[in-house]
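Here's the structure, in C-alpha cells; my notes come after.
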Amino acid sequence: ASMHSIFLCNSDGLVLFKRYYVTIASHCGWENKLYALTNKRWPHARNEVHQCVTYEDKYIVFTFWGEILVILVGTDEYDELALSDVLDVLAEYFRDNITKRPLQELSEQQLIQGEAYEKMCLGIDEMISAVGILDQTDVSKVGSNYKAKVLWNSRCKPAAPNLDKKQENASFEEVPFSMVRTYLQRNGYAEDFAGQT
Numbered sequence: 001a002s003m004h005s006i007f008l009c010n011s012d013g014l015v016l017f018k019r020y021y022v023t024i025a026s027h028c029g030w031e032n033k034l035y036a037l038t039n040k041r042w043p044h045a046r047n048e049v050h051q052c053v054t055y056e057d058k059y060i061v062f063t064f065w066g067e068i069l070v071i072l073v074g075t076d077e078y079d080e081l082a083l084s085d086v087l088d089v090l091a092e093y094f095r096d097n098i099t100k101r102p103l104q105e106l107s108e109q110q111l112i113q114g115e116a117y118e119k120m121c122l123g124i125d126e127m128i129s130a131v132g133i134l135d136q137t138d139v140s141k142v143g144s145n146y147k148a149k150v151l152w153n154s155r156c157k158p159a160a161p162n163l164d165k166k167q168e169n170a171s172f173e174e175v176p177f178s179m180v181r182t183y184l185q186r187n188g189y190a191e192d193f194a195g196q197t
C-alpha cells in the first residue's frame with residue numbers, strides 16, 4: 001500500500017505539479033474524476049484546513065496553501081489520517097524551504113518561479129519514494145545532499161561542456177543529460193524512460 005498520487009494546482013484547478021505512484025493504466029482519466037469529486041468543497045479547504053473524500057478504494061485529502069490547492073490521494077494504509085500527516089510534513093517543508101513565511105501567502109507566481117519549483121520537485125521526490133511511501137519526515141534533512149543547479153532557462157543558452165568540435169554546433173536536444181538520466185534511474189524509473197547512459 002502506498003500513496004496513489006500528489007497534485008498541486010492553482011485555484012482554477014490547473015495542475016502545476018503532479019506525481020503518480022501507480023501504473024499509467026490506473027491513472028487514465030483520474031484527474032477529471034478527482035476534479036469532479038473535490039471542486040465543490042474547495043471553498044471549505046482554505047487556510048490549511050484539510051478536507052477528506054473517499055472514492056472506491058481511494059482516500060483523498062486536500063487543502064489550500066494560499067493560492068495553491070494541494071491534493072494527496074492514497075490507498076489502503078494511506079488513509080485520510082496518514083495522508084493528513086504527509087500533508088503536514090509537506091507543509092512544513094514548503095514553509096521552511098520554499099515560502100519562508102506562512103503558507104496562506106503562497107502564490108502561484110512564487111511557486112512556479114525557477115528555484116522554488118526546483119526545490120519543490122526535488123524535495124517531494126526526496127521525501128516520498130518512487131513507490132509512494134513517505135521516506136523522510138525530518139524536513140531539515142531534505143535537500144542537504146545536493147545543490148540544485150539550473151542547466152537552462154529562457155534567459156541563458158544551455159552550456160555544453162566537454163564537447164568536441166564535431167558536436168560544437170549540436171542543438172539543445174542533442175546535448176546528453178547524463179545527470180538527469182542518473183537521477184531518474186536512481187529513483188526507480190524504467191531504463192527505457194530514463195534512456196541509456
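Each residue of the sequence shown is one higher than the one before, counting from 1 in the UniProt record's numbering. Glycine is no exception: its CB is placed at the ideal position from the N, C-alpha and C atoms.
Check                                                                                                        : Outcome
Three-state secondary structure assigned by DSSP to W74                                                      : Looking at the sequence provided, one finds Gly at residue 74 rather than Trp. In this structure, G74 counts as strand in the three-state DSSP scheme.
Every unbroken alpha helix (DSSP H) within the segment 92-153, with a cutoff of 4 residues, ordered by chain : 108-112 and 114-127
Proximal residues to E173 (C-beta, below 7 Å), its chain only, five neighbours per side dropped              : Because the pLDDT of E173 is 43, which lies under 50, any placement of that residue in the model is unreliable, and the number read from its coordinates should be weighed accordingly. Result list for E173: empty, nothing under 7 Å.
Inter-residue Cα distance where the pair is D76 and P102                                                     : 32 Å
Buried/exposed call for H4, threshold 16 Cβ in 10 Å                                                          : buried
Inter-residue CB distance, I71 and F62 (contact presumed, cutoff 8 Å)                                        : 4 Å
Stretch-stretch touch, CB-based, cutoff 8 Å, three pairs: the segment 90-101 with the segment 114-130        : yes
Buried or exposed (CB count within 10 angstroms, at least 16 for buried), Q167                               : Low confidence applies here, because Q167 scores a pLDDT of 45, under 50, leaving its location unreliable and the question unanswered by this model.
Where T38 sits in the DSSP three-state scheme                                                                : helix
Best match in L90, K58, E56 and G123 for proximity to F64 [C-alpha to C-alpha]                               : L90
Backbone secondary structure at H44 - three-state DSSP                                                       : helix
Pairwise C-alpha distance: Q113 and L81                                                                      : 32 Å
L111 and L34 closer than 8 Å at C-beta                                                                       : no
Residues near N47 in its chain [Cβ-Cβ closer than 8 Å; skip 5 each side]                                     : F64 and Q104
Through-space distance from D85 to V139, alpha-carbon basis                                                  : 13 Å
Reduced DSSP secondary structure (H/G/I, E/B, other) of L16                                                  : strand
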